[in-house]
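Trainee: Numbers in this note's numbering are just positions in the sequence shown, counted from 1, shifted up by 1.
No residue lacks a Cβ here, since even glycine has one placed at the ideal position from N, Cα and C.
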Amino acid sequence: MTFLIVTVAWAAHTRLFQVVGKIDDTLALLNLACMMTITFLPFTFSLMVTFPDVPLGIFLFCMCVIAIGAVQALIVVYAFHFPYLLNPQIERAPHRALYRQHILRIVLRGPALCFVAAGFSLFFYPLSYLLMAMVIFLPYVSKASSWCKGRLVGPQEPPAHSVEFFTFDLHEPLSKERVEAFSDGVYAIVATLLILDICEDNVPDSKDVRDKFHGSLVAALSAYGPHFLAYFGSFATVGLLWFAHHSLFLHIRKATQSMGLLNTLSLAFVGGLPLAYQQTSAFARQPRDELESVRVSCAIIFFASIFQFAIWTTALLQERETLQPSARFGGREHAFMFAKLALYPCASLLAFASTCFLSRVSTAIFHLTQIAVPLTFLLLRLLVRLASALLRALRGLARPAPGAEEDVRAPLLPSTC
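1. Would you give the residue range spanned by the alpha helix (DSSP H) that Ile76 belongs to?
2. Using the three-state DSSP reduction, which class does Ala256 fall into: helix, strand or coil?
3. Cα-Cα, which of Leu398, Phe121 and Cys299 is closest to Ile59?
4. Which parts of the region 323-363 are runs of the alpha helix (DSSP H), unbroken and 4 residues or longer, counting only runs that do not cross its ends?
5. Apply the 10 Å Cβ neighbour rule to Pro112 and answer buried if 16 or more other Cβ atoms are within range, or exposed otherwise.
6. Going by DSSP, what residue range makes up the alpha helix (DSSP H) through Val108?
7. So does the region 27-44 actually touch the region 91-102, counting three or more Cβ pairs closer than 8 Å?
8. By the DSSP assignment, the alpha helix (DSSP H) with Leu30 in it spans what residues?
9. Buried or exposed: Phe167, going by 16 or more other Cβ atoms within 10 Å of its Cβ?
10. Under the rule that 16 or more other beta-carbon atoms within 10 Å means buried, what is Arg101, buried or exposed?
11. Quick check on the DSSP output: the alpha helix (DSSP H) that includes Ser122 runs from which residue to which?
12. Spell out a yes or no on whether the region 319-327 and the region 370-377 are touching, meaning 3 or more CB-CB pairs, one atom from each, closer than 8 Å.
13. Take Arg106 and list the residues in its own chain whose beta-carbon comes closer than 6 Å to its own, dropping the five residues that flank it on each side.
14. List the DSSP bridge partners of Leu87.
15. Since Ala305 and Phe270 should fall inside the 8 Å C-beta cutoff, what is the C-beta to C-beta distance between them, to a whole number of angstroms?
16. Under 8 Å Cβ to Cβ from Phe116, same chain only, skipping five residues before and after it: list those, please.
17. Would you mind sorting Pro415 into buried or exposed? The rule is 16 or more other CB atoms within 10 Å of its CB.
18. Below 8 Å, can you find three or more Cβ-Cβ pairs linking the region 254-266 to the region 332-350?
19. On the three-state DSSP scale, how would you describe Phe52?
20. For His82, which option in Ala237, Ala98, Asp26 and Phe183 has the closest C-alpha, if you only look at C-alpha atoms?
21. If we count Cβ pairs, one from each stretch, closer than 8 Å, do we get three or more for the region 310-318 versus the region 342-358?
22. Do the region 67-77 and the region 16-26 make contact, defined as three or more Cβ pairs closer than 8 Å?
23. Is the distance from the Cβ of Ala182 to the Cβ of Ile253 below 8 Å?
24. Give the secondary structure of Gln319 by DSSP, where H, G and I count as helix, E and B as strand, and everything else as coil.
25. Give every residue of the same chain whose Cβ lies closer than 7 Å to the Cβ of Val9, excluding the five residues on either side of it in the sequence, and list them in chain order.
26. Is Glu178 buried or exposed, if buried means 16 or more other CB atoms sit within 10 Å of its CB?
Here it is as C-alpha cells:
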C-alpha cells in the first residue's frame, strides 16, 4: 500500500509541475520538504506492519500523507501568487482563480481522506485501511462515476469557464519519459537491494572459516551455494523484467493513465523480488518450507510480468495513438513483443503448477526455469522466426493449390461442343 500511495504522490507531483513552469528558491525548499516527508512513509508503514493493533502507526502514516498534500497545496498557492512561475498557458489564462481552485481541489482530495482515516484509526482502524485504499483508486473511481453519471443523465453542456488542463482523465497522456525514469529508478533500487543482501549476509566470518572449515575459504563459500544460486536467479529476473519493460516503452509512443496504473502495479511486485530472493535462498536452511517459498516467488514474478503484458494489451486497444507501427497488429515486431512479454508469465505459471503436481521436484524445476528463461531470451527472436515460418508452412499445406478446385469440378461440367 505504501508503494502505491507513493506512486500516487509521484503522479500528483508530475501533474503539479506541469502547472509550475519555473522554480525559485522558495519552491525548491517546499519541494524538498515534500520529498523529505515522502521518505518517512516506509518507516510509518513498518510500524503499521509490526504493530497492526496499535493505531499510532496508521495515525503517523495518515499524518505524513496529510503533510505531503499540505506542502503541495502551498506550492500551488505560492506559484499562483507569482504568476510568472506558472506554465505559460495558465499564466495567460483569463480565469487563473478557477485553475487554482480546481488544482487545489484535486491535490487535497487524498489528504482529506487520510484526515478522516486518521480519526477512525483511534477507535476503528479497519475503516482507516479502506479509506487509505480509496486514496489510491480515487482518480479512477471519480472517472468511473463521471462515466456512469453521463450514461444515466446524458451528456451535459460544459460550464462557461471549464478547466480541463489539470485532470486525471484515464486517456490523458502521461509524460512517457517521466514514467520510464521512475520505472528505471525502481529497478535500480531493487537491484541494489539484492546486491546489499548478498554482500551483507553471505560473506563468511573469519572465525567460522578457521574453526568450522579448517581455514578453507572455498569450503566456507560452498556452504552458501544456494544463496548465490538464488541471487543470480533473482538478479537475472530483475534484469530481464527491466529489459522487457525497456523494449515495451521503446515501441510506445504515448502513455495513458490506465497504462500508468498498470505500470505502477507491475513495479509494486518488482519491489517484492528481494523478498523472493530471501525465500529461495532459505531452501537449504528450511527445506520444509520449499513449496511455500517457490509459490510466493512464482506469484511475485507472475504478477510483475503479467502487468507488463497488460500494458502492451492496453496499448494495442488504441494502437494508432499509443504504439509505433512496427509493434501494431501485423507489424514486424508484433509477434516478437508478444513472445517477449508472455515468457515470464508462462514460466512462472509452469513453476507454480509444478508445486501442485510435481511437489518433489518443484524446487529443481524452479531453479531450472531461472536458468532457462535467460537462455530463451537470447534465442527468442530466432525461435519466433522459426515458429512463424512453421505456421506459414502449415497454412500453405492446409490451403488448396491454385486450380485444384477447378480440376476436381472439371469432370462434372459438360464438355464443350
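Mentor: Reading off the structure:
1. Counting along the chain, the alpha helix (DSSP H) containing Ile76 begins and ends at Pro56 to His82.
2. Ala256: strand per DSSP, three-state reduction.
3. Of all alpha-carbon atoms in Leu398, Phe121 and Cys299, the one lying nearest the alpha-carbon of Ile59 is that of Phe121.
4. List check, alpha helix (DSSP H) in window: 335-358.
5. It is buried - the Cβ of Pro112 has at least 16 other Cβ atoms within 10 Å.
6. Its alpha helix (DSSP H) spans residues Arg97 to Val108.
7. Verdict: no, contact absent.
8. Taken as a continuous stretch (DSSP letters only), the alpha helix (DSSP H) holding Leu30 covers Asp26 to Thr40.
9. Because Phe167 carries a pLDDT of 46, less than 50, the predicted location of this residue cannot be relied on, and the following value inherits that uncertainty. Counting Cβ neighbours within 10 Å, Phe167 comes out buried, since at least 16 surround it.
10. Under this definition Arg101 is a buried residue.
11. First-last for Ser122: undefined, no H or E at that position.
12. No: the two stretches stay apart, fewer than three of their Cβ pairs being nearer than 8 Å.
13. Answer for Arg106: no residue qualifies.
14. Answer by DSSP bridge pairing, in chain order: Val21.
15. About 4 Å separates the beta carbons of Ala305 and Phe270, which is inside the 8 Å limit, making them a contact pair.
16. Contacts found: Cys63 and Ile67.
17. Caution applies to Pro415, whose pLDDT of 47 falls short of 50 and renders its modelled position unreliable; the value that the coordinates give is listed next. The C-beta of Pro415 has fewer than 16 other C-beta atoms within 10 Å across all chains shown, which makes the residue exposed.
18. Because the criterion of three Cβ pairs below 8 Å is not met, the region 254-266 and the region 332-350 do not touch.
19. Note: Phe52 maps to coil in three-state DSSP.
20. Just measuring C-alpha positions, the residue of Ala237, Ala98, Asp26 and Phe183 sitting nearest His82 is Ala98.
21. The region 310-318 vs the region 342-358: in contact.
22. Yes, since at least three Cβ pairs between the region 67-77 and the region 16-26 fall closer than 8 Å, the two stretches touch.
23. No; because the gap between Cβ atoms is not below 8 Å, this pair is not in contact.
24. Gln319 carries a coil assignment under DSSP once its states are collapsed to helix, strand and coil.
25. For Val9, where only same-chain residues beyond five positions count, the Cβ hits under 7 Å are Gly111, Val136 and Ile137.
26. Residue burial annotation: Glu178 is exposed, with fewer than 16 other C-beta atoms found within 10 angstroms of its C-beta.
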